[in-house]
Structure formats: structure tokens, C-alpha cells
Amino acid sequence: MTGTGGVTSTKPPGPVTPRTGGATRTEPSRPAVTRTGGGVTRTEFRTRRAEEAGRYLGDAYGLSLRLGAATDGPEYSLVRTDAGAFTDGVVSLPARIEFSTDEVTDLTVVAMSAGLFERTAAGVDERFTAGDVLLVRPGGRPCFARHTGTCCATVNLSAGLLAEAAATANPRRPGVPRFTGSAPSDPSLAALWTRTRDFVAETLASGVTSPLVLGQAGRLLAATALTVFPNTATAESPLPADTRDATPGTLHRAIAFIDANAHADISLADIAAAVHVTPRALQYAFRGHADTTPLTHLRRVRLARAHADLKAAAPGAGATVAGIATRWGFAHQGRFAAAYRRLYGTSPGATLRG
Numbered sequence: 001m002t003g004t005g006g007v008t009s010t011k012p013p014g015p016v017t018p019r020t021g022g023a024t025r026t027e028p029s030r031p032a033v034t035r036t037g038g039g040v041t042r043t044e045f046r047t048r049r050a051e052e053a054g055r056y057l058g059d060a061y062g063l064s065l066r067l068g069a070a071t072d073g074p075e076y077s078l079v080r081t082d083a084g085a086f087t088d089g090v091v092s093l094p095a096r097i098e099f100s101t102d103e104v105t106d107l108t109v110v111a112m113s114a115g116l117f118e119r120t121a122a123g124v125d126e127r128f129t130a131g132d133v134l135l136v137r138p139g140g141r142p143c144f145a146r147h148t149g150t151c152c153a154t155v156n157l158s159a160g161l162l163a164e165a166a167a168t169a170n171p172r173r174p175g176v177p178r179f180t181g182s183a184p185s186d187p188s189l190a191a192l193w194t195r196t197r198d199f200v201a202e203t204l205a206s207g208v209t210s211p212l213v214l215g216q217a218g219r220l221l222a223a224t225a226l227t228v229f230p231n232t233a234t235a236e237s238p239l240p241a242d243t244r245d246a247t248p249g250t251l252h253r254a255i256a257f258i259d260a261n262a263h264a265d266i267s268l269a270d271i272a273a274a275v276h277v278t279p280r281a282l283q284y285a286f287r288g289h290a291d292t293t294p295l296t297h298l299r300r301v302r303l304a305r306a307h308a309d310l311k312a313a314a315p316g317a318g319a320t321v322a323g324i325a326t327r328w329g330f331a332h333q334g335r336f337a338a339a340y341r342r343l344y345g346t347s348p349g350a351t352l353r354g
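What follows is the structure in C-alpha cells.
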């Protein structure tokens, strides 16, 4: 679900309603949906009815669910934020739930915090517990799985977002990458995924709907997934054309494009396409002729634009540091302030106050 209007909230009724004679019955709950604008929708669903939980969760994740030994009483919940190209959710499943999936191109990453997750895919049985990070459907293949008393954080990444990240990582293999394993390629990388997901979840929880911030958040998640899990978009030695195209002219054209489009949600792939080279050649050009990276330069340009807006803000006009920072793609105010002070030797608040 998506929304672009003002804030709208629907609150669910209480889960238990008294009957005549003192008996109680469990009432269904309806999801509370809050539309915050900018294409972001936050859905909160809670119920104590097992059948309703199975139906709702199956619809939300596109799964065929079956509840085994599940009873009414414990609370099932899903808190999910849909940002278009990606979604972030936290799920609590107090009973045992079994599900099967069809072949898909989207990617679902799960970080376990409690319970047991068992899966069979391509004839391989696997078990995951608290602290584990995994892909629900490695390679997009159908699978059968079982949650038992699970609490986990889920992230779904669209095929388009993955293809963009893969083209940046390896332009010789365009298209949606295929993930070849369900667990991180190195156990230590599970913590990298968890930190990245937590950062993005914190950003979404702040209510930020800036297209620049959301675009960067989605690309960060996709790039991290390619780093954490084994896949076909692996790094290889550079093509001769990449080194040949890494010229000062490429650098200057890219800088001009960034200057003209810093206000837009542009990626490394967008910049490379604008100057007719591969993302890797673009990176070589910036590293070889400017000792930086394209995205670092983009952040510096945006920081300079934020500085200009802070200086130009009229007293009493309602401008805030947070608003200006978010406009230019800086979701974390502390990091923005630190970067600003390093470059300009003062705080953004002091600049705004004149």
C-alpha cells in the first residue's frame, strides 16, 4: 500500500470483548494504516486470532500460510513500512506457522531476534535461530519453511533496486542478480546487515519522506545485500574500456551533471549513464583524477547547497536545520552537523541564526 496525502490513521479495536455472562471472545483486529506522504506507508497489524494472523501475513508477504498447533490468545503482530522500492518490517509469530513460496525476483532478508526458522529449498534443510541473518528464498527458488515462536526484522528489496545495485557492482552482468546462498558469505557480515537495516529503520521511523533520503536508503540496503550474501554480481577485474574511459573529460562531465542534478534522487548508475561510461569507469575517473568517489563528491555538493540555504534563510521564516538537511538528503542530523562543522568550522544552527 502507498499513500501520498496527509496523515490518515485507522485504529484497531481491542482484541477481547466481553460476552453476556462474563465469558469473553477474541475479536479480529484491523490494521492501523498511517500514510505519511512521499510514497511511504506505515502499517501496524496486531491480533490474537491465529486464523486472521495467517490470512493477513500471507497477503502482506505473498505467501501460502498454514498455522500448525496455533491457538487464539498470544498476540501476532506486523509493523511494516513500505517505501516503494523496499519495505521494512518487524514480525512477531508466537505460534508455529508453515508457509510455501513460489519463484520470485524480489529479495527478502530476515534478521532473527527470537525463535526458530526452518526451511527446505532445493532439497536442502536449514535451521536458523536468534542472531542469524538469512535470505528467505535464495535464488528466488520456491521453498517450504516453518516459523516457531519467531520474532524477526524483515526487509524486502525490489528486483529493480537489486538490478541497479548489481549494475553498479558489475556492469558486465546487467539485470537482476541471482543469490547463490541463503546465509552470509562470511559469518561476520551478519552484523553489517543488522547495522545497516537498523540505520534505515531508524530513518524511516523518524518520519522522513524526502525522495533523496529514501532513494539513498534503498540503494544502501541493496548494496549491502550484495556485499553480505553470495551472488552472481561478483567483482571482477576491470575491462580495458573501463580504464580507457576513466579520463579527465569523463570527470568534468560527471561533475557538471552532479552540479545540475544534486537536488534529484540520482545514483552512481545515473551519473555514469549521463556521461556514457560504466559505473566502474566513473569511479576510476574520480579516484584517479580527483582522489575521491562520485558519491562523496555528490554529498559535498549537497552539503554546500544546504550551507547556502542556511545562509539565505530569512529570520522568522520558519526554516530549520532539520528541514534544510533533509531537503538535501541528510537523514541523520548528528552526522549532518558533524560533516558541516568539519567543512565550515561552525554549526549549522549558528549559520542559520546569522
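For the sequence shown, UniProt numbering begins at 1 and goes up steadily by one.
A virtual CB, placed ideally from N, CA and C, is assigned to each residue, including glycine.
According to the DSSP secondary-structure assignment, histidine 147 is paired through a beta bridge with Ile97, Phe117.
Between the beta-carbon of alanine 304 and that of alanine 254 there is about 17 angstroms, and that puts the pair past the 8 angstroms contact cut. In its chain, beyond the 5 residues on either side, Asp265 have a beta carbon closer than 6 angstroms to the beta carbon of glycine 215.
With respect to glycine 329, leucine 212 sits close: the two C-beta atoms are nearer than 8 angstroms. Under the DSSP assignment, leucine 343 falls in the alpha helix (DSSP H) whose first and last residues are 333 to 344. Non-local beta-carbon contacts of alanine 85 in its own chain, meaning distances under 7 angstroms to residues more than five positions away in sequence, involve Ser158, Gly160, Leu161, Gly218 in chain order. The DSSP assignment places complete alpha helix (DSSP H) segments of no fewer than 4 residues inside the stretch 159 to 197 at 159 to 169, in order along the chain.
In this structure glycine 175 does not touch proline 230 by the C-beta definition: roughly 17 angstroms separates them, more than the 8 angstroms allowed.
No Cβ-Cβ contact shorter than 8 angstroms links valine 277 with threonine 243.
The three-state reading of DSSP puts glutamate 75 in coil, since its state is none of H, G, I, E or B. Going by DSSP, valine 208 is part of no beta strand (DSSP E) at all; its letter is neither H nor E.
Spanning the alpha carbons of aspartate 132 and glycine 345 requires a straight line of approximately 43 angstroms.
The residue among Arg49, Gly334, Gly58 with its C-alpha nearest the C-alpha of threonine 203 is Gly334. Linking alanine 313 to leucine 298 through their CA atoms gives a straight-line distance of about 23 angstroms.
Apart from the 5 residues on each side of it in sequence, tyrosine 56 sits with its Cβ closer than 8 angstroms to the Cβ of Pro31, Phe45, Thr47, Leu78 in its chain, given in chain order. If you compare the alpha carbons of Asn170, Ala281, Glu98, Asp270 with that of aspartate 245, the shortest gap goes to Ala281. Counted as a single uninterrupted DSSP element, the stretch harbouring threonine 293 is not any beta strand (DSSP E), since DSSP gives it neither H nor E. As the crow flies, the alpha-carbon of alanine 260 is around 51 angstroms from that of valine 124. Pairing threonine 224 with leucine 107, the inter-Cα distance amounts to about 12 angstroms. C-alpha of proline 294 to C-alpha of alanine 166: approximately 17 angstroms in a straight line. In this model, arginine 80 and aspartate 88 are separated by some 6 angstroms (Cα to Cα). When the beta-carbon positions are compared, threonine 120 and cysteine 143 come within less than 8 angstroms of each other.
Between threonine 105 and tyrosine 61, the alpha-carbon positions lie close to 13 angstroms from each other.
In this structure, DSSP gives alanine 313 a state outside helix and strand, which the three-state scheme calls coil.
Counting along the chain, the unbroken alpha helix (DSSP H) around leucine 57 starts and ends at 50 to 61.
By the neighbour-count criterion, in which a residue is buried when 16 or more other Cβ atoms sit within 10 angstroms of its Cβ, alanine 233 is buried.
Beta-carbon to beta-carbon, alanine 145 and glutamate 118 are separated by about 6 angstroms, close enough to satisfy the 8 angstroms threshold.
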